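**Student:**
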Amino acid sequence: MSRDNILCPRAVQDLIADGHTIVIYDEYVLKLDSWLARHPGGSLAILHMVGKDATDEINAYHKPPTLKTMKAFRIGRKPPGIWTNSTPPIRGGVYVKEPEEAPISEATTSTDISDADDSSTLETSISDLSEAQSVATSLTSEDSCGDEVEQADEREGLAQGESFKFRSAKKVYIGKKDPLAFTTWAEQQDEARDILEYPSVDPAVQQDIVKKYRALHEKVYELNLYDCPYLEYGKEMCRYTTLFVVSMTALYNQWYLTSAFFLGLFWHQIMFTAHDAGHRAITGNFVIDSLIGMFVADFCCGLSIGWWKSSHNVHHLITNMPEHDPDIQNVPLFATSPSFFRSLHSSYYDFTFVWDAAANFLVPFQKYTYYPIMGVARFNLYLLSWLHVLSSKASSLGSSKAWWIRPAEIAMMSCYWYIFGYLLLWCTLPTWPIRIGFVLVSHIVTMPLHVQITLSHWAMSTSDLGESESFPQRQLRTTMDVDCPAWLDFIHGGLQFQAVHHLFPRVPRHNLRKVQTLVKEFCAETGIPYVLLSFEDGNKKVLGRLQEVGDQVEHLINCQKYMAATGESGLH
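Each residue of the sequence shown is one higher than the last, beginning at 2 in the numbering used here.
Below you can see the structure in the form of structure tokens.
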């Protein structure tokens with residue numbers, strides 16, 4: 002087969018049905034089977050792009066020299082015009098190979114090959130949404146799932162006592178006492194809001210957005226905004242060194258809690274550099290930035306940069322997808338989407354987050370537990386870090402050029418625990434109360450970092466508007482920025498520009514404020530809302546979302562109780 006032959010969508014789907022990893026890049030059809038296990042960014046980052054035009058995602062994450070190597074995986078060209086994305090198999094896309102005797106036609110579309118009741122076009126999706134909303138909002142009754150009864154006109158044919166009315170955040174559900182129906186309604190409300198607030202996901206509209214985004218990307222290159230301002234890192238190093246020296250000086254003078262406080266500030270600040278290194282936004286060299294990231298994250302902070310990159314790469318590509326984004330999969334402690342009521346299976350963890358009694362108990366209070374849990378979130382990161390370096394995800398790097406990362410991480414994290422756990426906590430601190438106090442103070446001080454990480458996404462959309470939605474629109478729809486004066490940028494460490502960062506993840510954080518100006522112009526031109534809130538208002542928005550989902554859970558429980566009492570089946 003010539004590498005310049007045009008492969009129609011049907012031919013691409015047949016290749017995917019045979020188990021091949023096929024991705025569209027620019028005008029090329031790439032077969033990435035041999036690269037999948039060796040990809041330094043992890044195999045999941047590629048698997049989420051199968052069957053899709055991943056041109057913008059690939060360009061955003063790779064330097065020009067790396068992009069030139071893509072041609073080595075080319076097996077053909079795509080047909081002229083807009084490529085119709087298919088749902089990747091990892092996200093539920095089903096591909097069935099066409100019988101050999103059937104002719105292959107370029108007119109064949111590349112929409113999902115799925116069960117008959119799965120929607121494969123935007124029109125079908127919107128039609129189903131409208132119909133579902135119409136049915137859900139038209140069902141009425143005098144009864145409720147254990148809540149105060151609100152009078153409503155009863156739909157003819159609906160038996161009394163089988164429906165209820167739920168009102169939350171100006172949203173009203175009047176329908177069956179069925180957890181599944183209620184969950185579907187809650188999801189549809191979020192989806193309908195996005196359809197109204199954001200540009201149409203019609204392919205022609207999205208292609209125009211893509212063209213404007215690519216022009217914006219070229220401008221970022223032309224303005225040299227990918228060049229790292231190393232002088233700024235000199236200033237960063239002075240700040241990190243000052244915090245660490247103050248902490249050690251206080252420790253020497255036996256001001257133990259003061260030492261813990263400044264050690265926490267040191268961890269809080271220096272992890273921003275690990276984030277930069279993880280995105281290769283410092284030197285752009287894989288080895289050098291990986292070593293910087295490991296020194297900062299693994300050696301100085303005891304956290305695996307490999308774990309962070311593994312989950313973070315996926316998070317960036319499928320932001321806020323409940324089934325696939327590990328950053329929002331926190332059941333039973335938190336739920337930011339009613340989709341979690343369905344007991345979703347995580348494609349990242351290969352684990353089902355069962356919605357159980359613990360979730361029913363904890364999530365209604367998540368608005369109140371948010372800050373306390375963020376205060377001790379660092380302990381969970383220790384666990385996730387060790388689970389990663391000992392897992393198959395880390396061991397799979399052994400077949401790639403990044404084979405040395407796993408043993409280096411184990412060595413550096415072991416050094417951290419020897420220095421912090423043994424030399425400092427055990428050998429230096431005199432009593433157990435002081436040891437416990439030191440650990441708690443030093444770790445709780447890092448709470449603003451964890452709040453900052455969740456702030457940009459937890460209040461934003463978790464809806465899936467389909468495969469035709471462009472990369473830039475999805476990133477801006479699921480991410481918000483935090484407004485602050487320039488002199489406070491060091492406190493936020495660049496995380497206040499998350500929407501900008503998601504569009505251009507390799508841009509050094511000290512240049513993101515300049516890129517923000519360009520992104521605002523891009524949003525004004527395309528009609529995509531750019532969400533920019535103060536830190537206070539952003540926190541209020543997150544708490545509001547947590548409250549909204551918590552309220553939904555309370556009514557879900559009432560539905561479950563009704564179903565249990567009547568013997569009917571529901572979500573569980």
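All C-beta atoms, glycine included, are put in the ideal place defined by N, C-alpha and C. The structure presented is a predicted model; accordingly, all values stated were derived computationally and were not measured.
Quick check: the Cα distance between residue 234 and residue 221, rounded to an integer number of angstroms?
**Tutor:** Counting from one through the sequence shown, the residue named residue 234 turns up at place 233. Counting from one through the sequence shown, the residue named residue 221 turns up at place 220. Looking at the two C-alpha atoms, the distance is approximately 21 angstroms.
**Student:** Which ranges would you report for the alpha helix (DSSP H) in the segment 321–347 if only whole runs of at least 4 residues count?
**Tutor:** none
**Student:** Return helix, strand or coil for residue 26, following the three-state DSSP convention.
**Tutor:** By one-based count along the sequence shown, residue 26 stands at place 25. In this structure, residue 26 counts as strand in the three-state DSSP scheme.
**Student:** Mapping DSSP to helix, strand and coil, what is residue 480?
**Tutor:** Taking the first residue of the sequence shown as position 1, residue 480 is located at position 479. Residue 480 falls in the coil class under three-state DSSP.
**Student:** Going by the beta-carbon positions, is the gap between residue 187 and residue 96 smaller than 7 angstroms?
**Tutor:** The residue you call residue 187 lines up with position 186 of the sequence shown. The residue you call residue 96 lines up with position 95 of the sequence shown. Not in contact: residue 187 and residue 96 (Cβ atoms no closer than 7 angstroms).
**Student:** Quick check: residue 266 and residue 232, are their CB atoms within less than 7 angstroms of each other?
**Tutor:** Locating residue 266 in the sequence shown gives position 265, where the first residue counts as 1. Locating residue 232 in the sequence shown gives position 231, where the first residue counts as 1. No, the pair does not count as a contact, with Cβ atoms beyond the cut-off.
**Student:** Is it buried or exposed, residue 324, if we count other Cβ atoms within 10 angstroms and call 16 or more buried?
**Tutor:** The residue you call residue 324 lines up with position 323 of the sequence shown. Here residue 324 is buried. Its C-beta has 16 or more other C-beta atoms within 10 Å.
**Student:** Out of curiosity, what's the CA-to-CA distance linking residue 21 and residue 34?
**Tutor:** As a position in the sequence shown, residue 21 is number 20, starting the count at 1. As a position in the sequence shown, residue 34 is number 33, starting the count at 1. C-alpha separation (whole angstroms): 6 angstroms.
**Student:** I'd like the span of the beta strand (DSSP E) that includes residue 77, first residue to last.
**Tutor:** Along the sequence shown, read from residue 1 onward, the residue named residue 77 stands at position 76. 75–78 is the span of the beta strand (DSSP E), which, as asked, contains residue 77.
**Student:** Please name the residue, chosen from 49, 505, 500 and 51, that lies closest to residue 282 on a Cα-to-Cα basis.
**Tutor:** Here residue 282 refers to the residue found at position 281 when the sequence shown is read from its first residue. For residue 282, the nearest C-alpha among the options comes from 505.
**Student:** Return helix, strand or coil for residue 110, following the three-state DSSP convention.
**Tutor:** Taking the sequence shown and counting its residues from 1, one reaches residue 110 at position 109. Because residue 110 sits at a pLDDT of 43, beneath the cut-off of 50, its placement in the model cannot be relied upon, and the following sentence gives the value as read from the coordinates. Here residue 110 sits in coil by DSSP.
**Student:** Looking only at its chain, what residues have a beta carbon closer than 8 angstroms to the beta carbon of residue 565, apart from the 5 residues adjacent to it on each side?
**Tutor:** Position 564 of the sequence shown, counted from the start, is the residue given in the question as residue 565. No residues qualify anywhere along the chain.
**Student:** Could you give the first and the last residue of the continuous beta strand (DSSP E) run that contains residue 533?
**Tutor:** Sequence index remark: in the sequence shown, residue 533 carries index 532 (1-based). Counting along the chain, the beta strand (DSSP E) containing residue 533 begins and ends at 533–535.
**Student:** Helix, strand or coil: which one does DSSP assign to residue 7?
**Tutor:** Here residue 7 corresponds to residue number 6 of the sequence shown, with the count starting at 1. Looking at residue 7 - three-state DSSP - the assignment turns out to be strand.
**Student:** Let me check understanding here. Comparing Cα to Cα, which of 85, 261, 30 and 72 lies closest to residue 441?
**Tutor:** Here residue 441 corresponds to residue number 440 of the sequence shown, with the count starting at 1. When each option's Cα is compared against that of residue 441, the closest is 261.
**Student:** Going by DSSP in three states, residue 382 sits in which element: helix, strand or coil?
**Tutor:** Numbered from 1 along the sequence shown, position 381 holds the residue referred to as residue 382. Helix at residue 382.
**Student:** Could you compute how far the alpha carbon of residue 7 sits from the alpha carbon of residue 316?
**Tutor:** Working through the sequence shown from its first residue, we reach residue 7 at position 6. Working through the sequence shown from its first residue, we reach residue 316 at position 315. One C-alpha to the other measures close to 33 angstroms.
**Student:** Answer yes or no: do residue 474 and residue 498 have a C-beta to C-beta separation smaller than 7 angstroms?
**Tutor:** What you label residue 474 is simply residue 473 of the sequence shown in a count that begins at 1. What you label residue 498 is simply residue 497 of the sequence shown in a count that begins at 1. The answer is no: Cβ separation not under 7 angstroms.
**Student:** Alpha carbon to alpha carbon, what distance is there between residue 455 and residue 443?
**Tutor:** Here residue 443 is taken as the residue at index 442 of the sequence shown, counted from 1. Here residue 455 is taken as the residue at index 454 of the sequence shown, counted from 1. Residue 443 and residue 455: Cα-Cα distance of roughly 20 angstroms.
**Student:** Helix, strand or coil, according to DSSP, for residue 296 in the structure here?
**Tutor:** As a working mapping, residue 296 is identified with position 295 in the sequence shown. Helix.
**Student:** Out of 437, 463, 519 and 540, point me to the one whose CA is closest to residue 483's CA.
**Tutor:** Translated into positions along the sequence shown, residue 483 becomes position 482. It is 540.
**Student:** Which same chain residues, not among the five before or five after residue 476, have their C-beta less than 6 angstroms away from its C-beta?
**Tutor:** Looking up residue 476 in the sequence shown gives position 475. Excluding positions up to five away in sequence, the list reads 503 and 504.
**Student:** Measure the C-alpha to C-alpha separation of residue 478 and residue 508 and round it to an integer number of angstroms.
**Tutor:** By 1-based counting over the sequence shown, the position of residue 478 is 477. By 1-based counting over the sequence shown, the position of residue 508 is 507. Each residue's Cα considered, the two are about 20 angstroms apart.
**Student:** Pair every Cβ in the segment 294–312 with every Cβ in the segment 416–433, then say whether three or more of these pairs are closer than 8 angstroms.
**Tutor:** yes
**Student:** Residues in the same chain with beta-carbon distance under 6 angstroms from residue 53, minus the five sequence neighbours each way, listed in chain order, please.
**Tutor:** Here residue 53 is taken as the residue at index 52 of the sequence shown, counted from 1. The residues are 86.
**Student:** Only counting the same chain, and skipping five residues up and downstream in sequence, which positions put a Cβ closer than 6 angstroms to that of residue 464?
**Tutor:** Within the sequence shown, the letter at position 463 stands for residue 464. Excluding its 5 nearest sequence neighbours in each direction, residue 464 has C-beta neighbours in its own chain below 6 angstroms: 191, 192 and 195, listed in chain order.
**Student:** Could you check whether residue 92 and residue 4 sit closer than 7 angstroms to each other, using their CB atoms as the reference points?
**Tutor:** The sequence position of residue 4 within the sequence shown is 3, counting from 1. The sequence position of residue 92 within the sequence shown is 91, counting from 1. No.
**Student:** Identify which residue in 354, 311 and 391 has its Cα closest to the Cα of residue 331.
**Tutor:** Counting from 1 along the sequence shown, the entry for residue 331 is found at position 330. Of 354, 311 and 391, the residue nearest in Cα terms is 354.
**Student:** Quick check on this structure: which residue in 543, 523, 374 and 542 has the alpha carbon closest to the alpha carbon of residue 209?
**Tutor:** For this step, residue 209 is matched to residue 208 along the sequence shown. For residue 209, the nearest C-alpha among the options comes from 523.
**Student:** So, for residue 554: in the same chain, excluding its five sequence neighbours on each side, which residues have a beta-carbon less than 8 angstroms away from its beta-carbon?
**Tutor:** As a working note, residue 554 is residue 553 in the sequence shown. Non-local C-beta neighbours of residue 554 in its own chain, meaning closer than 8 angstroms and more than five positions away in sequence, comprise 336, 342, 360, 361, 364 and 365, ordered along the chain.
**Student:** Quick check on the burial criterion: 16 or more other C-beta atoms within 10 angstroms. Buried or exposed for residue 30?
**Tutor:** Here residue 30 refers to the residue found at position 29 when the sequence shown is read from its first residue. Under this definition residue 30 is a buried residue.
**Student:** For residue 352, which residues does DSSP report across the bridge?
**Tutor:** Indexing the sequence shown from 1 puts residue 352 at position 351. DSSP, once it has assigned bridges, lists 347 as partnering residue 352.
**Student:** If residue 551 and residue 460 are in contact, beta carbons under 8 angstroms, what's the gap, nearest whole angstrom?
**Tutor:** Position 550 of the sequence shown holds residue 551. Position 459 of the sequence shown holds residue 460. The pair is not a contact, with the Cβ atoms about 14 angstroms apart (cut-off 8 angstroms).
**Student:** I'd like the span of the alpha helix (DSSP H) that includes residue 96, first residue to last.
**Tutor:** Translated into positions along the sequence shown, residue 96 becomes position 95. Residue 96 -> no alpha helix (DSSP H), and no H or E assigned at all.
**Student:** What residue does the alpha helix (DSSP H) around residue 67 start on, and which one ends it?
**Tutor:** Counting from one through the sequence shown, the residue named residue 67 turns up at place 66. Here the alpha helix (DSSP H) through residue 67 covers 65–69.
**Student:** In its own chain, which residues sit with a C-beta less than 8 angstroms from the C-beta of residue 111, not counting the 5 before and 5 after it?
**Tutor:** The residue you call residue 111 lines up with position 110 of the sequence shown. Unreliable positioning characterises residue 111 in this predicted model, as indicated by a pLDDT of 42, which lies under 50. The coordinate reading is nonetheless provided below. Hits under 8 angstroms: 10, 11, 13, 14, 52, 84, 85, 86 and 87.
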